[in-house]
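Per the working numbering, the sequence shown starts with residue 110, numbered consecutively.
Each remark here refers to the structure printed beneath this line.
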Amino acid sequence: MKKFILITLSIITVLTLSACNGGIEKTDKKPVTRVRFIHDDPTPYNVNLQNLEYLEYLNFNNPVVTIKIDQLGEIKIQLFPTVAPNTVNSFIKYIQDEAYTSNEFHRVVNGFMIQAGRLVDPSCTIQGEMSNNDIENDLSHVKGVLSMARVGGNYDSASSQFFIVAAPAVFLDREYAAFGGVVEGFYIVDYLAALQADTSESPQVPIIIESITVDLKGYTPEDPICIQ
110 MKKFILITLS IITVLTLSAC NGGIEKTDKK PVTRVRFIHD DPTPYNVNLQ NLEYLEYLNF
170 NNPVVTIKID QLGEIKIQLF PTVAPNTVNS FIKYIQDEAY TSNEFHRVVN GFMIQAGRLV
230 DPSCTIQGEM SNNDIENDLS HVKGVLSMAR VGGNYDSASS QFFIVAAPAV FLDREYAAFG
290 GVVEGFYIVD YLAALQADTS ESPQVPIIIE SITVDLKGYT PEDPICIQ
């Protein structure tokens, strides 16, 4: 199976060969954290899309989002405009505004989900597109589903924060607006969820999002309908 190793290198002095005189040169370095993959057998992570529980929602014409994570790779997600159109449009607007550049997965819960998108001043708050808010949404919170975070019991408080389900969490159905699903990078989702610190829902090390981009695949997003 594929193994992951988190390696922390605390280097006070690094000895490097000097190209100029063939001698040894001392260079001071600060402690640095590195995340490194060791690939033994990738088979468990070659996910067959035909087996996904949200297969019926997948479509070559759906927008595709790419989340590039520092040192780890990419998670690719299809957005489902037919399920939650305003949520999709709002998410795309944040992406196109480059609001998520250098953002982080700030909350990770092993066996549950990973959450990102926290902004100091989100630009748009939207109505939650889920059943308990009188909006039809049959997309279940199975592993790989993308959904919107919100504040407490306020169904109309979703803004920039989103989460990816790392294990079945159907108790979230009707309560949260699911609007997409992972199609590549499931192993990264698993790995990030496992980085939960022992004493909190924060990751053991910062999980930096280098960028989030979207390929619209011909989809034309409308301006999101914002509550505020």
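All residues carry an ideal CB built from backbone N, CA and C; glycine is no exception.
None of the values given here were measured: they were computed from a predicted structure.
ALA267 is positioned such that its CB atom lies no closer than 8 Å to that of HIS250. By the CB criterion at 8 Å, TYR328 and VAL254 fall outside the cutoff.
For the alpha helix (DSSP H) assignment, the uninterrupted runs of no fewer than 4 residues enclosed by the stretch 190 to 215 are, from N- to C-terminal side, 194 to 205.
Every beta strand (DSSP E) stretch that sits fully inside the stretch 238 to 276 and reaches 3 residues is listed by chain position as 254 to 257 and 271 to 274. In the three-state scheme derived from DSSP, where H, G and I count as helix and E and B as strand, VAL314 is classed as coil. Residue environment for GLN159: exposed (fewer than 16 other C-beta atoms within 10 angstroms of its C-beta). In the structure shown, the three-state DSSP call for ILE336 is coil.
Checking the DSSP bridge columns, you'll see GLU293 partnered with LYS185. Inclusion of GLU284 and MET239 in the CB contact set at 8 Å is warranted, their separation being smaller than that value. In the same chain as GLU319, and ignoring 5 residues on each side of it, the C-beta atoms closer than 8 Å to its own belong to LYS177, ILE178, ASP179, THR210 and SER211, in chain order. Within the model, the alpha-carbon separation for TYR264 versus ILE235 is close to 9 Å. Beta-bridge annotation (DSSP): ASP307 is not paired with any residue. Here the C-alpha atom of HIS215 lies approximately 7 Å from the C-alpha atom of ILE316.
Between TYR166 and PHE200, the beta carbon gap of about 15 Å keeps them out of contact (Cβ cut-off 8 Å).
Within the DSSP secondary-structure output, THR322 pairs in a beta bridge with THR175. Between PHE280 and the set LEU248, GLN313 and LEU161, the nearest pair of CA atoms involves LEU248.
Nearest to THR322 by C-alpha distance, out of PHE169, ASN157, ILE184 and LEU161, is ILE184. In the DSSP assignment, ILE223 falls within the beta strand (DSSP E) that extends over 222 to 225. For ASN168, the closest of ILE334, PRO330 and LYS326 by C-alpha to C-alpha distance is LYS326. Contact check for ASN219 against ALA306 fails: the beta carbons are separated by 8 Å or more. Of all alpha-carbon atoms in ILE204, GLN224, GLY261 and GLU245, the one lying nearest the alpha-carbon of CYS233 is that of ILE204. For VAL279, the three-state secondary structure derived from DSSP is helix.
Less than 8 Å separates the beta-carbon of ASN171 from that of GLN187.
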